[in-house]
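Numbering-wise, the sequence shown is residues 0 to 620 according to numbering that gives the first Met the number 0. Here a beta-carbon is modelled for each residue, glycine too, at the ideal position from N, C-alpha and C.
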Amino acid sequence: MEFPKEDSISIEPNRMPVAAWLANALCLICMTLAAYYWFLFAMAKIRRAVNKIAPSVKVENYRGCVRLTGELDNWADIYKCGKAAVSKGSLGVLNDVKLKGFCEKPKRPALKDNALDGQKPDVLVIGGGIVGCAVARELSRLELDVLLVEKANDVACGASSRNDGCIHPGMDLHKGQLKLKYVLEGNRMYTKLADELGLSFKRWAQMLIFSTAWENALISPLFLLRAKQLGVEGVRHVTKEDIKKLEPNPPSWAKGGMYMASAGMVSPYKTTIALCDNAIQNGARVSLDTYVEGMELDGGKVVCVHTNRGDVYPRAIVNCAGVYSDVIADMAGDRTFTIHPRKGTDIILDKKKVGYALSSYARSFFAPLPKEAQPDAKEEVGHTKGGGVMRTVDGNILVGPDAHEVPSREDYSTSISDINNIIKKQKLAQPMLNKGDIITYFSGTRAATYEEDFVVRRGIFTSNVYEAAGIQSPGITAAPAIAVDIRNWIKEDLKAKEKSNFNPVYKHTPRLANLPDEERAKYIAKNPEYGEMICRCEEVSKGEIIDALESPLKVATIDGVKRRVRPGMGRCQGGFCSPLVAKIIAEHEGIKIEDVLKGDEGSVIVYGNTKGNAKGEDRDV
0 MEFPKEDSIS IEPNRMPVAA WLANALCLIC MTLAAYYWFL FAMAKIRRAV
50 NKIAPSVKVE NYRGCVRLTG ELDNWADIYK CGKAAVSKGS LGVLNDVKLK
100 GFCEKPKRPA LKDNALDGQK PDVLVIGGGI VGCAVARELS RLELDVLLVE
150 KANDVACGAS SRNDGCIHPG MDLHKGQLKL KYVLEGNRMY TKLADELGLS
200 FKRWAQMLIF STAWENALIS PLFLLRAKQL GVEGVRHVTK EDIKKLEPNP
250 PSWAKGGMYM ASAGMVSPYK TTIALCDNAI QNGARVSLDT YVEGMELDGG
300 KVVCVHTNRG DVYPRAIVNC AGVYSDVIAD MAGDRTFTIH PRKGTDIILD
350 KKKVGYALSS YARSFFAPLP KEAQPDAKEE VGHTKGGGVM RTVDGNILVG
400 PDAHEVPSRE DYSTSISDIN NIIKKQKLAQ PMLNKGDIIT YFSGTRAATY
450 EEDFVVRRGI FTSNVYEAAG IQSPGITAAP AIAVDIRNWI KEDLKAKEKS
500 NFNPVYKHTP RLANLPDEER AKYIAKNPEY GEMICRCEEV SKGEIIDALE
550 SPLKVATIDG VKRRVRPGMG RCQGGFCSPL VAKIIAEHEG IKIEDVLKGD
600 EGSVIVYGNT KGNAKGEDRD V
């Protein structure tokens, strides 16, 4: 069969009838006007709601967002104004209302040099929390130059180390939330991820325990229906007898409950470090003590990032800055959200109490707290599921957290009233709780948005920015799934190819204390330093500490070693082993012991020598 030549073919242009063109144009105009007037109506409604709380606060539309400006003398009112401004018709809430007399200065490194000046990475990841490290690892699968910057002197120094390590099942979330999407996907990824990175990961489940017969009868079917609607797997009703089989010491008041098998526990800081180390092994670079000071934009793109270590010129930026992610988004010209810090406190109990928690559990939130469990002080604002009792992968019992809206993004303080209230409330779930068993407690701040959802997307106004912001409570669960989406977007946008030699496996020395005697003896025979015990509470050897100092991300501080192999995390909290760890660090790094830091800049533990002791020798103090 012969085909006609191209120049002999006559093609009539596809012309849209004028009437159809006018109809489409009219439809577009009407939709635009409808959206405009709907937004005006919504703004008027928001303005009334906000002004009921604070008449002086100005409400305006800014690039499709609801922006609040002004000054108030009460943080609770600022928070309430932000919540009142949430609307489905806007891109987000920009709560720029100032707290009178409060000016927070972010912690920033004193270091100033030009180590990064002029560098042109393909991707700059800002933030060394679990999301940033997960993103760096996923991007290291591609043929790209990936640079992660973190302002602290280690990764996992913020929220990624100051949380309970719970892998959430997703039952407290809602349809349509990004939280739900990423929590469900991330939860399913953890079994494989833990195997690749050599993590201790336990699916110890969660239980919501009913204290009344009516809850047991009425709430159970609704709970099961909700699990089916959300797509949460492994949810089932348990009877009073089932609870006795699942928990060694169940509360006497238990009438039944709901069992969520997909929940688990992981060490949040070890997971973050392992993700980072594996990213480095696959070619990613990490710059610690690096603070982002500003950005330059041109043509709707970030072209330069100013840091304390020089100017960087990336092709793309991933914003994983946690509680400062809205600040970074503002620098990048892509802010549509506001982070309001939410502080929570957790309590750690001695390992002697491991006998009473095999799963994470809490008293049902449907039943009101009795008078004896009411908090000592009334909370003005707060947002929490109520916390619970759970066993960590390292064998301790963790109790908490609570939740307080606070103005400071780096408020890690603890208070005796918070400790008392947590114990008082959770004793309902586990009467055996005793303040005398507490070995430590800590606080962290969650990066919550007023919409109470994640912000994971390509940039809206800036084309080479990718946001991973508002990653609060279930962030550890969601991080692996968030990282996969961001990797795929960047792969598409930068036309990057997959590496043929990517290695997902991170091999490191296992916890010797957890090995059978025969396996442990093999390590000691190979290196006698594995038999030299430094931390007796946690059974950490000198060899393991040296391994930590020689890991891909080298952090020679007492806290850095602590996060990696746990010396100082036992009952004495480093009272006996910290000087020994400091000595090992000094010897390994070839520095004076006076130069060894506990953690942050200036946190020295040895100040010098005293002279003239009984033997006429110098002695460290």
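> Considering MET257, what are the terminal residues of the beta strand (DSSP E) in which it resides?
Replying inline: 255–259
> Does DSSP put PHE200 in a helix, a strand or coil?
Replying inline: strand
>> Extract the residue ranges of the alpha helix (DSSP H) inside the stretch 182–251, only unbroken runs of 4 or more that lie entirely within it.
In response: 212–229 and 239–245
> In terms of alpha-carbon separation, which member of ASP492, ASN526, VAL304 and GLY233 lies closest to LEU146?
Replying inline: VAL304
>> In the DSSP output, which residue or residues are listed as bridge partners for VAL285?
In response: LEU147
> In terms of residue numbering, what span does the beta strand (DSSP E) encompassing LYS300 cover?
Replying inline: 300–306
> Using CA coordinates, which residue listed in ASP516, GLY63 and SER159 is at the minimum distance from VAL85?
Replying inline: GLY63
> Does the distance from the C-beta atom of PRO566 to that of VAL539 stay below 7 Å?
Replying inline: yes
> Considering GLY688, what are the terminal residues of the alpha helix (DSSP H) in which it resides?
Replying inline: The first residue shown for the chain is 0 and the last is 620, placing residue 688 beyond what the model contains.
> Is there contact between the stretch 90–97 and the stretch 115–125, where contact requires at least three CB pairs shorter than 8 Å?
Replying inline: no
> When burial is assigned at 16 or more other CB atoms within 10 Å of the CB, is THR238 buried or exposed?
Replying inline: exposed
> If you draw a straight line from the C-alpha of LYS87 to the C-alpha of ALA402, how long is it?
Replying inline: 26 Å
> Between TYR312 and the rest of its own chain, which residues show a CB-CB distance below 6 Å, the 5 nearest in sequence each way excluded?
Replying inline: LYS119 and CYS303
>> To the nearest angstrom, how far is the alpha carbon of VAL291 from that of PRO509?
In response: 36 Å
> In terms of residue numbering, what span does the beta strand (DSSP E) encompassing TYR465 cover?
Replying inline: 464–468
> Apart from the five residues on each side of it in sequence, which residues of its chain come closer than 7 Å, Cβ to Cβ, to GLY530?
Replying inline: ILE523 and SER540
> Hey, ALA260 and ALA204: beta-carbon distance below 7 Å or not?
Replying inline: yes
> Which one or two residues does DSSP pair with ILE459 in a beta bridge?
Replying inline: For ILE459, which the question treats as bridged, DSSP gives no partner whatsoever.
>> Restricting to Cα atoms, I'd like to know which of MET431, TYR411, ASN281 and LEU548 is closest to ASN162.
In response: TYR411
>> Tell me the DSSP secondary structure of ILE335 in three-state form.
In response: Per the sequence shown, the amino acid found at residue 335 is Thr instead of Ile. Note: THR335 maps to coil in three-state DSSP.
> When the Cα atoms are used, what is the spatial distance from LEU98 to ALA581?
Replying inline: 42 Å
>> Nearest by alpha-carbon distance to VAL464: which of ALA320, ALA331, ILE338 and ASN73 is it?
In response: ALA331
> Would the beta-carbon of HIS339 fall within 7 Å of that of TYR78?
Replying inline: yes
>> Which residue wins for smallest C-alpha separation from VAL301, given the options ALA193, ILE557, GLN572 and ASP333?
In response: ASP333
> GLU537 to ILE166, Cα distance in whole Å?
Replying inline: 24 Å
>> So, at 6 Å on beta carbons, what are the nonlocal neighbours of GLU379 in its own chain, with the 5 sequence-adjacent residues on each side left out?
In response: Because the pLDDT at GLU379 is just 45, under 50, the model does not fix this residue reliably, and the value given afterwards should be weighed accordingly. Around GLU379: ALA75.
>> If the criterion is Cβ atoms closer than 7 Å, does the pair GLU586 and GLY607 meet it?
In response: no
> For PHE40, does the count of other Cβ atoms within 10 angstroms reach 16, so buried, or fall short, so exposed?
Replying inline: exposed
>> Please report the distance separating the alpha-carbon of ILE584 from that of ASN502.
In response: 30 Å
>> Please report the straight-line C-alpha distance between ALA478 and ILE129, rounded to a whole angstrom.
In response: 7 Å
> For GLU195 versus VAL504, is the C-beta distance shorter than 7 Å?
Replying inline: yes
> Who pairs with HIS403 in a beta bridge, going by DSSP?
Replying inline: LYS342
> What is the rounded straight-line gap between the Cα of LYS277 and the Cα of ILE489?
Replying inline: Inspection of the sequence shows that residue 277 is occupied by Asn rather than by Lys. C-alpha separation (whole angstroms): 20 Å.
>> For a quick check, are the C-beta atoms of CYS80 and ILE52 less than 7 Å apart?
In response: yes
> Residues bridged to GLY293 by DSSP?
Replying inline: HIS305
> So what does DSSP say about PHE501, is it helix, strand or coil?
Replying inline: coil
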